[in-house]
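Peer 1: Each protein sequence line maps, in turn, to chains H and E.
Read left to right, the first sequence gives residues 6 to 116 (my numbering).
Read left to right, the second sequence gives residues 714 to 830 (my numbering).
We put the beta carbon where it would ideally sit given N, CA and C, even for glycine.
On a predicted model such as this, the values are computed, not experimentally measured, just so you know.
This structure is in structure tokens; I'll ask about it shortly.
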Amino acid sequence: SQKIEQNSEALNIQEGKTATLTCNYTNYSPAYLQWYRQDPGRGPVFLLLIRENEKEKRKERLKVTFDTTLKQSLFHITASQPADSATYLCALEQRDDKIIFGKGTRLHILP
Amino acid sequence: GAGVSQTPSNKVTEKGKYVELRCDPISGHTALYWYRQSLGQGPEFLIYFQGTGAADDSGLPNDRFFAVRPEGSVSTLKIQRTERGDSAVYLCASSPQAGSHVSGEQFFGPGTRLTVL
């Protein structure tokens, strides 16, 4: 069966450290992989997109890697801040343009 | 420069009733998506429109759910004979066109929280 798995438990990271979130998938062949941030009571907000032929993408303090052999993406936030606390969603975009989301990982940056 | 808006923000209804949820996408966006999100879960795809037509409605759970976008802008998600299991946040998103090939993102609305008693 097709599955997208993100860190199942909430992640607590000390302020200033790097937070690393994991997204693993099985039985999908995504053309693109996206990461979104979601705050309570709000819709998701797009952060980064990485294509299947790209290994890494960066944007300010954010970095995403995409390994299609391992079927895994890692999402890094460097120099983390309490304001980075949120739920982070991994989403696979298939070639038919349908986007499938993971359950998300709750990230807490501790001051 | 308004974003995606959804109305109502909250809807409480009784089991068996009919509800309509509205989505106003960003002006000029041709692709529109509906998702359903339950507590602790990621958004679950329901349907997406490219212009006025439903390009993919494979996520609609059953024939009680229906969505329209008659003029290629505003969309309405309609749920007949609501059940308690339909309770969730219904999210709408739009993008300049379907697929991330150009824009690379979907713009989400704040959602409508539906509670079926």
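1) Determine, for proline 35 of chain H, whether the minimum Cβ-Cβ distance to residues of chain E falls below 8 Å.
2) What does a CB cutoff of less than 7 Å around asparagine 17 of chain H pick up in its chain, not counting 5 residues either side in sequence?
3) Count the other C-beta atoms from every protein chain shown that fall within 10 angstroms of the C-beta of leucine 790 of chain E, then say buried if there are 16 or more, exposed otherwise.
4) Mind checking the stretch 714 to 739 of chain E against chain H and listing, in chain order, the residues whose C-beta falls within less than 7 Å of any C-beta there?
5) Using the rule of at least 16 other Cβ atoms within 10 Å of the residue's Cβ for burial, across every protein chain shown, is tyrosine 689 of chain E buried or exposed?
6) If you measure beta-carbon to beta-carbon, which residues of the stretch 762 to 785 of chain E are closer than 9 Å to chain H?
7) Out of E:Gln793, E:Phe820, E:Leu759, point me to the one whose CA is closest to isoleucine 739 of chain E's CA.
8) Are the stretch 732 to 746 of chain E and the stretch 761 to 769 of chain E touching, with three or more C-beta to C-beta distances below 8 Å?
9) Within 10 angstroms of its Cβ, does aspartate 72 of chain H collect 16 or more other Cβ (buried), or is it exposed?
10) Just tell me which of H:Thr23, H:Leu54, H:Leu53 has its CA closest to the CA of alanine 84 of chain H.
11) Quick check: the Cα distance between valine 835 of chain E and proline 45 of chain H, rounded to an integer number of angstroms?
12) May I ask you to report which of helix, strand or coil DSSP gives aspartate 89 of chain H?
13) State buried or exposed for valine 815 of chain E, treating a residue as buried only when at least 16 other CB atoms are found within 10 Å of its CB.
14) With distance defined between alpha-carbon atoms, name the residue in E:Gly729, E:Asp737, E:Gly822 nearest to phenylalanine 778 of chain E.
Peer 2: In brief:
1) Numbered from 1 along the first sequence, position 30 holds the residue referred to as residue 35 of chain H. Cβ-Cβ to chain E under 8 Å: no for proline 35 of chain H.
2) Within the first sequence, numbered from 1, the residue matching residue 17 of chain H stands at position 12. Residues of the same chain with a CB within less than 7 Å of the CB of asparagine 17 of chain H, apart from the 5 flanking positions on each side, are His113, Leu115 in chain order.
3) Here the question's residue 790 of chain E lines up with position 77 in the second sequence. Flag for leucine 790 of chain E reads buried.
4) none
5) The question about residue 689 of chain E has no answer here: the residues shown for chain E are numbered 714 through 830.
6) Gln763, Ala768, Asp769, Ser771, Gly772
7) Residue numbering aside, residue 739 of chain E sits at position 26 when the second sequence is read from its first letter. The shortest Cα separation from isoleucine 739 of chain E among E:Gln793, E:Phe820, E:Leu759 belongs to E:Phe820.
8) yes
9) On the first sequence, position 67 is the one that residue 72 of chain H refers to. By the neighbour-count rule (16 or more Cβ atoms within 10 Å), aspartate 72 of chain H is not buried but exposed.
10) Residue 84 of chain H sits at position 79 when you count from the first residue of the first sequence. Cα-wise, what sits closest to alanine 84 of chain H is H:Thr23.
11) Outside the shown range of chain E (714 to 830) lies residue 835 of chain E, about which nothing can therefore be said.
12) Working through the first sequence from its first residue, we reach residue 89 of chain H at position 84. Looking at aspartate 89 of chain H - three-state DSSP - the assignment turns out to be helix.
13) Locating residue 815 of chain E in the second sequence gives position 102, counting from the first residue. Confidence is the limiting factor: at valine 815 of chain E the pLDDT is only 49, short of 50, which leaves the residue's position unreliable, though a coordinate-based value still follows. Valine 815 of chain E is exposed by the Cβ-count criterion.
14) For the purposes of this step, residue 778 of chain E is taken as the residue at position 65 of the second sequence. Of E:Gly729, E:Asp737, E:Gly822, the residue nearest in Cα terms is E:Gly729.
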